[in-house]
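There are 2 protein chains.
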Amino acid sequence: MRVTFLGTGDAGGVPLYGCDCSACTRARADADFRRRPCTALVEAGDTRILLDAGLTDLTERFPPGSLSAIVLTHFHPDHVQGLFHLRWGIGKNIPVYSPPDSEGCADLYKNHGLLEFRRLSKFEPVTINNLVLTPLPLIHSKATFGYAIEDTDGQRFAYLTDTAGLPPRTEAFLKNWRPASFALDCSYPPQSSLPRNHNDLTLALAIAETLAPAKVWLTHVGHEFDLWLNNNSHVFPRQIVVACDGDVIDV
Amino acid sequence: MRVTFLGTGDAGGVPLYGCDCSACTRARADADFRRRPCTALVEAGDTRILLDAGLTDLTERFPPGSLSAIVLTHFHPDHVQGLFHLRWGIGKNIPVYSPPDSEGCADLYKNHGLLEFRRLSKFEPVTINNLVLTPLPLIHSKATFGYAIEDTDGQRFAYLTDTAGLPPRTEAFLKNWRPASFALDCSYPPQSSLPRNHNDLTLALAIAETLAPAKVWLTHVGHEFDLWLNNNSHVFPRQIVVACDGDVIDV
Numbered sequence: 004m005r006v007t008f009l010g011t012g013d014a015g016g017v018p019l020y021g022c023d024c025s026a027c028t029r030a031r032a033d034a035d036f037r038r039r040p041c042t043a044l045v046e047a048g049d050t051r052i053l054l055d056a057g058l059t060d061l062t063e064r065f066p067p068g069s070l071s072a073i074v075l076t077h078f079h080p081d082h083v084q085g086l087f088h089l090r091w092g093i094g095k096n097i098p099v100y101s102p103p104d105s106e107g108c109a110d111l112y113k114n115h116g117l118l119e120f121r122r123l124s125k126f127e128p129v130t131i132n133n134l135v136l137t138p139l140p141l142i143h144s145k146a147t148f149g150y151a152i153e154d155t156d157g158q159r160f161a162y163l164t165d166t167a168g169l170p171p172r173t174e175a176f177l178k179n180w181r182p183a184s185f186a187l188d189c190s191y192p193p194q195s196s197l198p199r200n201h202n203d204l205t206l207a208l209a210i211a212e213t214l215a216p217a218k219v220w221l222t223h224v225g226h227e228f229d230l231w232l233n234n235n236s237h238v239f240p241r242q243i244v245v246a247c248d249g250d251v252i253d254v
Numbered sequence: 004m005r006v007t008f009l010g011t012g013d014a015g016g017v018p019l020y021g022c023d024c025s026a027c028t029r030a031r032a033d034a035d036f037r038r039r040p041c042t043a044l045v046e047a048g049d050t051r052i053l054l055d056a057g058l059t060d061l062t063e064r065f066p067p068g069s070l071s072a073i074v075l076t077h078f079h080p081d082h083v084q085g086l087f088h089l090r091w092g093i094g095k096n097i098p099v100y101s102p103p104d105s106e107g108c109a110d111l112y113k114n115h116g117l118l119e120f121r122r123l124s125k126f127e128p129v130t131i132n133n134l135v136l137t138p139l140p141l142i143h144s145k146a147t148f149g150y151a152i153e154d155t156d157g158q159r160f161a162y163l164t165d166t167a168g169l170p171p172r173t174e175a176f177l178k179n180w181r182p183a184s185f186a187l188d189c190s191y192p193p194q195s196s197l198p199r200n201h202n203d204l205t206l207a208l209a210i211a212e213t214l215a216p217a218k219v220w221l222t223h224v225g226h227e228f229d230l231w232l233n234n235n236s237h238v239f240p241r242q243i244v245v246a247c248d249g250d251v252i253d254v
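For the protein sequence lines, the chains are A and B, in the order given.
Per our numbering, numbering through the first sequence is continuous, rising by one, with the last residue being 254.
Per our numbering, numbering through the second sequence is continuous, rising by one, with the last residue being 254.
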């Protein structure tokens, strides 16, 4: 199984519009430091699943027939906004799996075009060609699922964003399931009070310590966390990596 | 007053995802034939107003402070989707004028960030620096305003999309107001039955004939209309022009 981080940014992204902090200035000068909307591509054999659809150039990145399915973590605009354009295309329908959310986002349900929405249920695995995904409830301001993803070789990866901490059943599932690695929401540097909706570094490291996988990729990174990383000679435990747009993991 | 058509496409744009018609194939091969989400920039002196915000790269096109205001025709995603990202920026608020629409689009009102939404009322002019805009109700599936726009020299331009026909009071206003030129929704080639929500060429030409301005720019063009234009040696009256992305009018 191969995972490509197509986007590792929070809703505002890096550079943040109007911000002149050193992280944003660097990203404006050098595209390697940009962070686009949080998105990952998971591939196994000829199965290609897009996790979230916040990139606005999906029609250019993914020619018709190149995606087995899109799987959404939740319906906030930065995770679904690329569907507003894609849906009007013609040809074969694209399955879009999502948490149960009666609202969705804007008029996506009403005018679904070639998108075929399919509702998932928590902890009920779905098989998409070569991959089995188990939806794991997260803690966010809208119904949100992370995903435990297993390929036919038994390789295991989890994708856990957007969330602030983990619900007890999700934590218990992951402790038992033991993924080799996972991607984890880490939007903020350490905060003085408990953050809402997203992990700060303190919460993210606590989750990493509890679950103790071989590798944790921090994603959904905001400019303040990038700035903090620039200004602090923080040494992460060996298994913690801050993901960048374009990073590829072979699980 | 200068008007730049930044986007002249319908919601699906040209090329349409998955479509291999000759209009879409041409646009895929040659970016000059692409049609992005329908958007115009109106400039007069140092006043710069963006009409609609469906372009998804607004943060790159318009550095902080470069827009006097954004004015929305309505809250369909292809007219507002660029705001989802822009709003999270920092710095000076950006005024966003719109028709009264209690829903808006997705969570734009709730999480408005640096956008400062201001509701307009039909036929009640608003002055934005060097320009006076009068909101004109249109006929669409969501509350939609066209705009009669006048600069300090008395030059007059109207922007009339999205609409299928014109309401009587809007038509009467425009007959009396006599803009030198206007942009007009023309999404489809001639249809066999009366189109809904958008003009076809038949409706657009009828409006042009009734109001008889010096120039009409057809916009919000779908791929079927481009295909029809390729396949039909249609001769337009001299005052009718099909707008292209990047076209500039000096009114």
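Where is the CB? At the ideal position from N, CA and C, for every residue including glycine.
Taking Cβ-Cβ distances below 8 angstroms as the criterion, which residues of the stretch 106 to 125 of chain B are in contact with chain A? C108, A109, D110 and L117
Among B:H201, B:A146, B:L214 and B:P193, which has the Cα closest to the Cα of A161 of chain B? B:L214
Quick one: what's got a C-beta closer than 8 angstroms to E119 of chain A's C-beta in the same chain, skipping five residues either side? N96, I97, P98 and V99
CB-CB under 6 angstroms to D203 of chain A, same chain, minus the five flanking residues each way: which ones, in chain order? Y191, P193 and Q194
Along chain B, in chain order, which residues have C-beta atoms closer than 8 angstroms to that of P198 of chain A? Here the premise fails: no neighbours, minimum Cβ distance about 16 angstroms.
I'd like the list of long-range same chain contacts for R122 of chain A, defined as Cβ closer than 7 angstroms, with 5 residues on each side in sequence excluded. S101 and P103
Under 9 angstroms between beta-carbons, which chain B residues line up against L89 of chain A? List them in chain order, please. Y20
Quick one: is S124 of chain A buried, meaning 16 or more other Cβ sit within 10 Å of its Cβ, or exposed? exposed
Using CA coordinates, which residue listed in A:R159, A:F78, A:P140 and A:S71 is at the minimum distance from V219 of chain A? A:R159
G48 of chain B and N133 of chain B: beta carbons closer than 8 angstroms? yes
Using a beta-carbon distance cut-off of less than 9 angstroms, what residues from the stretch 154 to 169 of chain B approach chain A? none
Is it right to say T42 of chain A is buried, meaning 16 or more other beta carbons lie within 10 angstroms of its own, or is it exposed? buried
First and last residue of the alpha helix (DSSP H) that includes F304 of chain B? Since the first and last residues shown for chain B are 4 and 254, residue 304 of chain B lies out of range.
With a threshold of 8 angstroms between beta carbons, is P193 of chain A in contact with chain B? no
On the three-state DSSP scale, how would you describe V83 of chain A? helix
Which same chain residues, not among the five before or five after D229 of chain A, have their C-beta less than 7 angstroms away from its C-beta? V17 and A26
Do R51 of chain B and L70 of chain B have their C-beta atoms within less than 8 angstroms of each other? yes
Could you tell me which chain B residues have their CB closer than 8 angstroms to the CB of D81 of chain A, listed as they occur along the chain? F87 and H88
Does the stretch 4 to 17 of chain B come close enough to the stretch 228 to 244 of chain A to have 3 or more Cβ pairs within less than 8 angstroms? no
Any beta-carbon of chain B closer than 8 angstroms to the one on Q84 of chain A? yes
For G10 of chain A, which residues in chain B fall below 7 angstroms Cβ to Cβ? Near G10 of chain A there are no residues of chain B at all, since even the closest Cβ is about 12 angstroms away, more than 7 angstroms.
Taking contact to mean 3 or more Cβ pairs, one atom from each stretch, closer than 8 angstroms, check whether the stretch 143 to 156 of chain B and the stretch 71 to 91 of chain B are in contact. yes
Kindly indicate which residue of B:A217, B:E227 and B:E127 has the alpha-carbon position closest to the one of N243 of chain B. Inspection of the sequence shows that residue 243 of chain B is occupied by Ile rather than by Asn. Of the candidates B:A217, B:E227 and B:E127, the one whose C-alpha sits nearest the C-alpha of I243 of chain B is B:A217.
Could you check which residue in B:I252, B:P171 and B:A109 has the C-alpha nearest to that of H82 of chain B? B:A109
C-beta neighbour in chain A for A215 of chain B, strict 8 angstroms: no
Contact defined as beta carbons within less than 8 angstroms: I believe A186 of chain A pairs with A246 of chain A. What is the distance between those atoms, to the nearest angstrom? 7 angstroms
Where do the ends of the beta strand (DSSP E) carrying A43 of chain A lie? T42 to A47
Hey, is T222 of chain B's beta-carbon within less than 8 angstroms of any beta-carbon in chain A? no
Could you give the residue range of the beta strand (DSSP E) that holds S25 of chain A? Careful: S25 of chain A lies outside any beta strand (DSSP E), inside the alpha helix (DSSP H) at S25 to A32.
Are F176 of chain B and A151 of chain B closer than 8 angstroms when you measure CB to CB? yes
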